[in-house]
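Line order of the protein sequences matches chains G and L. For the first sequence, this note's numbering gives the first residue as 239, with consecutive numbering after it. For the second sequence, this note's numbering gives the first residue as 239, with consecutive numbering after it. Don't be surprised by glycine CBs; every beta carbon is placed ideally from N, CA and C. Keep in mind the model is a prediction, meaning the values are calculated, not measured.
2 protein chains.
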Amino acid sequence: MDCGEGTQQRMMQYKVKWFRIDHIFISHLHGDHYYGLIGLLTTYNLLKRLQPLTIYAPALLKDIIEIQLRASNTKLNYELHFKETKDDGLHLLFENDYVEIFSFPLEHKIPTTGFLFKQKAGLRKLLVEKLEGMDVDKSNYKSLKEGKDITDRNNNIIKAEEVTESVSHPKIYAFCSDTIYTESIVEYIREADLLYHESTYLHESLNRAIETKHSTALQAAQIAKLANVKRLLIGHFSSRYLHLSILLEESKTVFENTELAIEGEVFRV
Amino acid sequence: MDCGEGTQQRMMQYKVKWFRIDHIFISHLHGDHYYGLIGLLTTYNLLKRLQPLTIYAPALLKDIIEIQLRASNTKLNYELHFKETKDDGLHLLFENDYVEIFSFPLEHKIPTTGFLFKQKAGLRKLLVEKLEGMDVDKSNYKSLKEGKDITDRNNNIIKAEEVTESVSHPKIYAFCSDTIYTESIVEYIREADLLYHESTYLHESLNRAIETKHSTALQAAQIAKLANVKRLLIGHFSSRYLHLSILLEESKTVFENTELAIEGEVFRV
Chain G
239 MDCGEGTQQR MMQYKVKWFR IDHIFISHLH GDHYYGLIGL LTTYNLLKRL
289 QPLTIYAPAL LKDIIEIQLR ASNTKLNYEL HFKETKDDGL HLLFENDYVE
339 IFSFPLEHKI PTTGFLFKQK AGLRKLLVEK LEGMDVDKSN YKSLKEGKDI
389 TDRNNNIIKA EEVTESVSHP KIYAFCSDTI YTESIVEYIR EADLLYHEST
439 YLHESLNRAI ETKHSTALQA AQIAKLANVK RLLIGHFSSR YLHLSILLEE
489 SKTVFENTEL AIEGEVFRV
Chain L
239 MDCGEGTQQR MMQYKVKWFR IDHIFISHLH GDHYYGLIGL LTTYNLLKRL
289 QPLTIYAPAL LKDIIEIQLR ASNTKLNYEL HFKETKDDGL HLLFENDYVE
339 IFSFPLEHKI PTTGFLFKQK AGLRKLLVEK LEGMDVDKSN YKSLKEGKDI
389 TDRNNNIIKA EEVTESVSHP KIYAFCSDTI YTESIVEYIR EADLLYHEST
439 YLHESLNRAI ETKHSTALQA AQIAKLANVK RLLIGHFSSR YLHLSILLEE
489 SKTVFENTEL AIEGEVFRV
């Protein structure tokens, strides 16, 4: 998600596996969120990438990338797909067996979306002690694990819910890049296991935050609390703050389970 | 000249004075030569730059910059001028009291120019011992220093050349970014005090150099020799070379006064 200038250097520094990236999500077209993308795309080309890559972003990014490829007379070795994001509600961008990824509107100076990563429920666990008393062919176990009802050898309906249990809570990660404080986002990020929310300023600079359509650490915490998320990660700090602990402390006054999004740190959901 | 991704970080690292830059020259539109420009231009805006900035580059760069400013809804505080470069001969791009800057064609995969910086001759030095025997009003000394002929009190023409001498050799710096070996550039860079010439490969990889329209260290040295320049600076090395000394040694076999363009080094003309 997002790709500022210098992203490639950080990927090298933190040993990111370059070819595990097949989808790139750009929240909005301010430079600190996408100026590193064109370099990454052309480096992939130099590295002889063949696998397709999909970019989810505001419409104009396609033109921006294409004019730069044209200027360098570059024909990519790989398929590059663009999927336009819209800031008018919840949209499913991507889905596979494990995860659904949505965009949802943020409120910033230009069209901006957040992204929501929802893990799909895994296979359910068979309740063997219940199944033992039933006349169910084992070939049906797979369907039951997938949550599908089946029929036993006597054509009785066996509900998956009654003979299996869910293994664990599917995880949710919500990413709110740049946004003014707006409770309109709460409905999208509710109960997230981890919420990243920008926190550009301290609340003493609320006017500046409003003017630049950013949030304060206190406001990020208020959103986390309203949405009843489990953990809050704050970031996108103004360079005026040499010591970030004051931002962390401010957030914790409202939402205790806050952490700082420090460059290079890894947060597991 | 040229502005790859990460230029701002290097400017900070090497304490470049940001507001002494009023003219930026882009040799061609391959990413390693201009992907850092849009970030620099928008940072100048954040820093409240007011003084005009002029960019000399192939025509399409104007569109590339403008679409990105439009995407972020950015109206620059300062005037940004674009002057299109053409790769069809020697063109004067800029001139002031001290220097003339020209573009000249290189030969690469896309339209590319080198840049030539020619210091203007400074004021000439009066030959006082010759002037003493003449009837010249001192108010004419300034004109003589500027190399202009004058008349003495008796209306005799006094040639500046005869009563002044040039103070020092005006310096020439030639910058050849990316180019295949081509003797067509020699006429433009002749007698340069310093020539930067790319040297992507060792001569053992001549085929690769030809294929990618780059030069070898040996070829850079041959150009330096043909043009009778005083010093040669080689750079733009392929990342395959972990030790650059082999490139330096190869160049020195043909042109002894070669140096490596190492990041952060300063070379005085």
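Notebook entry, point to check: If the cut is a Cβ gap below 9 angstroms, which residues of chain G does S310 of chain L touch?
Noted result: As a first step, residue 310 of chain L must be located in the second sequence, where it is residue number 72. Ordered by position in chain G, the residues that pass the 9 angstroms Cβ test against S310 of chain L are H266, L267, H268, G269, K347, I348.
Check: According to a CB-to-CB cut-off of less than 8 angstroms, which residues of the stretch 275-307 of chain G neighbour chain L?
Finding: Listed by position along the chain: I276, G277, T280, P296, L298, L299, D301, I302, I305, Q306.
Next item on the list: Ignore the nearest five residues each way along the sequence and tell me which others in E338 of chain L's own chain have a CB closer than 7 angstroms to its CB.
Entry: Here residue 338 of chain L refers to the residue found at position 100 of the second sequence. Counting only Cβ-Cβ distances below 7 angstroms, and skipping sequence neighbours, we find L330, K356, K358.
Notebook entry, point to check: What whole-angstrom Cβ distance do H266 of chain G and H319 of chain G have, given they're in contact under 8 angstroms?
Noted result: Residue numbering aside, residue 266 of chain G sits at position 28 when the first sequence is read from its first letter. Residue numbering aside, residue 319 of chain G sits at position 81 when the first sequence is read from its first letter. Here H266 of chain G is actually not in contact with H319 of chain G; their C-beta atoms are around 19 angstroms apart, not less than 8 angstroms.
Note to self: Quick test of the definition: if touching needs 3 or more C-beta pairs under 8 angstroms, does the stretch 450-465 of chain L touch the stretch 481-492 of chain L?
What the structure shows: The stretch 450-465 of chain L vs the stretch 481-492 of chain L: in contact.
Notebook entry, point to check: Residue ranges of each beta strand (DSSP E) run of no fewer than 3 residues wholly in the stretch 241-310 of chain L, ordered along the chain?
Noted result: Secondary structure remark: continuous beta strand (DSSP E) runs of at least 3 residues inside the stretch 241-310 of chain L, in chain order: 261-263, 291-295.
Check: Which same chain residues, not among the five before or five after D375 of chain L, have their C-beta less than 7 angstroms away from its C-beta?
Finding: As a first step, residue 375 of chain L must be located in the second sequence, where it is residue number 137. Closer than 7 angstroms at Cβ, skipping near neighbours: R391.
Note to self: With a threshold of 9 angstroms between beta-carbons, can Q460 of chain L be considered close to chain G, or not?
What the structure shows: In the second sequence, the residue the question calls residue 460 of chain L occupies position 222. It does not; no Cβ of chain G falls within 9 angstroms.
Notebook entry, point to check: Do R362 of chain L and T403 of chain L come within 9 angstroms of each other at the CB atom, strictly closer than that value?
Noted result: Taking the second sequence and counting its residues from 1, the one referred to as residue 403 of chain L is at position 165. Taking the second sequence and counting its residues from 1, the one referred to as residue 362 of chain L is at position 124. The question names Thr, yet the displayed sequence has Glu at residue 403 of chain L. For E403 of chain L and R362 of chain L, yes; Cβs fall inside 9 angstroms.
Note to self: Looking at R428 of chain L: is its Cβ nearer than 9 angstroms to the Cβ of L298 of chain G?
What the structure shows: Stepping through the second sequence from its first residue, residue 428 of chain L is reached at position 190. Stepping through the first sequence from its first residue, residue 298 of chain G is reached at position 60. At the C-beta level, R428 of chain L and L298 of chain G stay beyond 9 angstroms of one another.
Notebook entry, point to check: Is it the case that the Cβ atoms of F413 of chain G and S437 of chain G are separated by a distance below 9 angstroms?
Noted result: For the purposes of this step, residue 413 of chain G is taken as residue 175 along the first sequence, with counting starting at 1. For the purposes of this step, residue 437 of chain G is taken as residue 199 along the first sequence, with counting starting at 1. Between F413 of chain G and S437 of chain G, the C-beta gap is not smaller than 9 angstroms, which leaves the two residues out of contact.
Notebook entry, point to check: When the Cβ atoms of the stretch 283-295 of chain G are set against those of the stretch 247-261 of chain G, are three or more pairs found closer than 8 angstroms?
Noted result: The answer is yes - the stretch 247-261 of chain G touches the stretch 283-295 of chain G, with three or more Cβ pairs under 8 angstroms.
Margin query: With a threshold of 8 angstroms, are at least 3 pairs of Cβ atoms found where one atom belongs to the stretch 264-280 of chain L and the other to the stretch 416-431 of chain L?
Written below: Proximity of the stretch 264-280 of chain L to the stretch 416-431 of chain L meets the contact definition, three or more beta-carbon pairs being nearer than 8 angstroms.
Note to self: 9 angstroms is my cut-off, CB to CB: does Q246 of chain L come that close to chain G?
What the structure shows: The residue labelled residue 246 of chain L in the question sits at position 8 within the second sequence. So yes, Q246 of chain L belongs to the interface.
Next item on the list: Please work out which residues of its chain come closer than 7 angstroms, Cβ to Cβ, to A398 of chain L, disregarding the five sequence neighbours upstream and downstream, and give them in chain order.
Entry: For the purposes of this step, residue 398 of chain L is identified with residue 160 of the second sequence, where counting begins at 1. For A398 of chain L, where only same-chain residues beyond five positions count, the Cβ hits under 7 angstroms are R362, L382, G385, K386, D387.
Margin query: Let's test the definition: count the other Cβ atoms within 10 Å of the Cβ of E243 of chain G and tell me whether it reaches 16, buried, or not, exposed.
Written below: Reading the first sequence from its first residue, position 5 is the one you call residue 243 of chain G. The residue is buried, with at least 16 neighbouring Cβ atoms inside 10 Å.
Notebook entry, point to check: What distance in whole Å lies between the Cβ atoms of L433 of chain G and L470 of chain G, which are believed to be in contact at a cut-off of 8 angstroms?
Noted result: By 1-based counting over the first sequence, the position of residue 470 of chain G is 232. By 1-based counting over the first sequence, the position of residue 433 of chain G is 195. Their Cβ separation, rounded to whole angstroms, is 5 angstroms, which keeps L470 of chain G and L433 of chain G in contact under 8 angstroms.
Notebook entry, point to check: Does DSSP put V401 of chain G in a helix, in a strand, or in coil?
Noted result: Numbered from 1 along the first sequence, position 163 holds the residue referred to as residue 401 of chain G. In the displayed model, V401 of chain G falls within a helix according to three-state DSSP.
Notebook entry, point to check: Distance, Cα to Cα, D326 of chain G vs T350 of chain G?
Noted result: Residue mapping note: residue 326 of chain G aligns to position 88 of the first sequence, counting from 1. Residue mapping note: residue 350 of chain G aligns to position 112 of the first sequence, counting from 1. One alpha carbon belongs to D326 of chain G, the other to T350 of chain G, and they sit about 10 angstroms apart.
Item checked: Residues of its chain near V424 of chain G, where Cβ-Cβ distance is below 8 angstroms and the 5 sequence neighbours each way are ignored -> The count along the first sequence starts at 1 and reaches residue 424 of chain G at position 186. Exclusion of the five residues before and after V424 of chain G leaves I461, L464, A465 as the residues of its chain whose Cβ lies within less than 8 angstroms of its Cβ.
Check: Does E488 of chain G have its Cβ less than 9 angstroms from a Cβ in chain L?
Finding: The residue you call residue 488 of chain G lines up with position 250 of the first sequence. No, no contact with chain L.
Next item on the list: State yes or no: is the beta carbon of Y411 of chain G nearer than 9 angstroms to at least one beta carbon in chain L?
Entry: By 1-based counting over the first sequence, the position of residue 411 of chain G is 173. By this cut-off, Y411 of chain G is not an interface position.
Next item on the list: Would you list the one or two residues that DSSP bridges to E322 of chain L?
Entry: Your numbering for residue 322 of chain L matches position 84 in the second sequence. DSSP lists L:A295 as partners of E322 of chain L.
Next item on the list: Could you tell me whether the Cβ atoms of L314 of chain L and L278 of chain L are closer together than 9 angstroms?
Entry: Counting from one through the second sequence, the residue named residue 314 of chain L turns up at place 76. Counting from one through the second sequence, the residue named residue 278 of chain L turns up at place 40. Not closer than 9 angstroms, so no.
Next item on the list: Answer yes or no: does any C-beta atom of chain L fall closer than 9 angstroms to that of E243 of chain G?
Entry: Here residue 243 of chain G corresponds to residue number 5 of the first sequence, with the count starting at 1. Yes, contact with chain L.
Notebook entry, point to check: Hey, quick one: how far does the beta strand (DSSP E) through K356 of chain L stretch, first residue to last?
Noted result: Position 118 of the second sequence, counted from the start, is the residue given in the question as residue 356 of chain L. Its beta strand (DSSP E) spans residues 351-357.
Notebook entry, point to check: From S489 of chain L to K468 of chain L, what does the alpha carbon distance come to, in whole angstroms?
Noted result: Here residue 489 of chain L corresponds to residue number 251 of the second sequence, with the count starting at 1. Here residue 468 of chain L corresponds to residue number 230 of the second sequence, with the count starting at 1. CA-to-CA, the gap between S489 of chain L and K468 of chain L works out to about 14 angstroms.
Notebook entry, point to check: Taking Cβ-Cβ distances below 7 angstroms as the criterion, which residues of the stretch 448-479 of chain G are in contact with chain B?
Noted result: The structure shown contains no chain B; its protein chains are G and L.
Check: Can you tell which of L:M239, L:V507, L:T420, L:L480 has the C-alpha that lies nearest to the C-alpha of P408 of chain L?
Finding: Taking the second sequence and counting its residues from 1, one reaches residue 408 of chain L at position 170. Taking only the C-alpha atoms, the option nearest P408 of chain L is L:V507.
Note to self: Strictly below 9 angstroms CB to CB, what residues from chain L border Y273 of chain G?
What the structure shows: For this step, residue 273 of chain G is matched to residue 35 along the first sequence. Going along chain L in sequence order, the residues near Y273 of chain G (Cβ under 9 angstroms) are E243, Y273, G274, I276, G277, T280, Q306.
Next item on the list: Assign Y426 of chain G to one of two classes, buried (16 or more other C-beta atoms within 10 Å of its C-beta) or exposed (fewer than that).
Entry: For the purposes of this step, residue 426 of chain G is taken as residue 188 along the first sequence, with counting starting at 1. Label assigned to Y426 of chain G: buried.
Notebook entry, point to check: DSSP state of I208 of chain G, grouped into three classes?
Noted result: Given a span of 239 to 507 for chain G in the structure shown, any question on residue 208 of chain G remains unanswerable.
Notebook entry, point to check: Since Y434 of chain G is in the beta strand (DSSP E), which residue starts that stretch and which ends it?
Noted result: If you number the first sequence from 1, residue 434 of chain G lands on position 196. Going by DSSP, Y434 of chain G is part of the beta strand (DSSP E) stretching over 432-436.
Notebook entry, point to check: Where do the N-terminal and C-terminal ends of the alpha helix (DSSP H) with I448 of chain L fall, by residue?
Noted result: Along the second sequence, one-based indexing puts residue 448 of chain L at 210. Here the alpha helix (DSSP H) through I448 of chain L covers 444-450.
Check: Which of helix, strand or coil does DSSP assign to K313 of chain G?
Finding: Within the first sequence, residue 313 of chain G is the residue found at index 75, counting from 1. Here K313 of chain G sits in coil by DSSP.
Next item on the list: Could you pull out every residue in the same chain whose Cβ sits closer than 8 angstroms to the Cβ of Q246 of chain G, ignoring the five residues on either side in sequence?
Entry: For the purposes of this step, residue 246 of chain G is taken as residue 8 along the first sequence, with counting starting at 1. Listed in chain order, the non-local C-beta contacts of Q246 of chain G below 8 angstroms within the same chain comprise G274, G277, L278, T281, local neighbours out to five positions each way being set aside.
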